[in-house]
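What the sequence shown shows, in the working numbering, is residues 23 to 158, in sequence order. Glycine is no exception: its CB is placed at the ideal position from the N, C-alpha and C atoms.
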Amino acid sequence: MPSMLYLVKQLELAVRARLDDLVRSAGITALQYTALTVLERHDGLSAAQLARDSFVTAQSMADMVRALESRGLIRRERNAGNRRELLIRLTPAGRALLASVATPVQDLESRLVSKMSPDEAADFRQSLIVAWQALA
């Protein structure tokens, strides 16, 4: 039987490949989608915090921020409490893009748990949270 780490990696690869396919039609990558959804939940983050929450390096995030900003999906503004810091915010265009892919992304999540009962799906979600927190 495969190890749990192997299974988690295989699941991550499968989800990422399918997510890449879904969001490509909107002109973004799965990593860009992740960053946009982080901002949707916590608008006004520093680039360093956005990188941590999006699971990418600071350098990768700098490149991503430039690309997303050039498309008008995010904007940077000075932090009123720390004028040296720039905060990244989702724009209306960024929110509209996320809304345009929300249904297909939800369908992917539903497909992920389609062979589980509702209780099993809820348990699976909770187990993922517990496992993630154990390593955070």
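{"Check": "Sheet register partners of Leu108 (DSSP bridge)", "Outcome": "Arg100"}
{"Check": "Beta-carbon separation (whole angstroms), Ala57 vs Leu72, contact threshold 8 Å", "Outcome": "6 Å"}
{"Check": "Contacting residues, own chain, Cβ-Cβ under 6 Å from Leu61 (five flanking each side not counted)", "Outcome": "Leu112"}
{"Check": "Residue span of the alpha helix (DSSP H) that contains Lys137, given as start and end", "Outcome": "Element bounds for Lys137: n/a, residue is neither H nor E."}
{"Check": "Whole-number beta carbon distance between Leu119 and Leu95, since they are thought to touch under 8 Å", "Outcome": "6 Å"}
{"Check": "8 Å contact criterion, which Leu108 and Gly66 should meet: CB distance rounded", "Outcome": "Not confirmed; about 10 Å, so no contact."}
{"Check": "Ser76 vs Met83 beta-carbon contact at 8 Å", "Outcome": "yes"}
{"Check": "Own chain partners of Thr51 with C-beta closer than 8 Å, once the 5 adjacent residues on each side are dropped", "Outcome": "Asp42, Val45"}
{"Check": "Any alpha helix (DSSP H) of 4 or more consecutive residues that is wholly inside the region 49 to 86", "Outcome": "52 to 63, 69 to 76"}
{"Check": "For Leu95, three-class secondary structure by DSSP", "Outcome": "coil"}
{"Check": "Gln54 classed as buried or exposed, judged by whether at least 16 other C-beta atoms fall within 10 angstroms", "Outcome": "buried"}
{"Check": "Cutoff 8 Å; reference Met138; Cβ partners in own chain excluding five residues on either side", "Outcome": "Phe146"}
{"Check": "Contacting residues, own chain, Cβ-Cβ under 6 Å from Arg38 (five flanking each side not counted)", "Outcome": "Ala52"}
{"Check": "Check whether Ser190 and Ala48 have beta carbons under 8 Å apart", "Outcome": "The chain is shown from 23 up to 158; residue 190 falls before or after that span and cannot be answered."}
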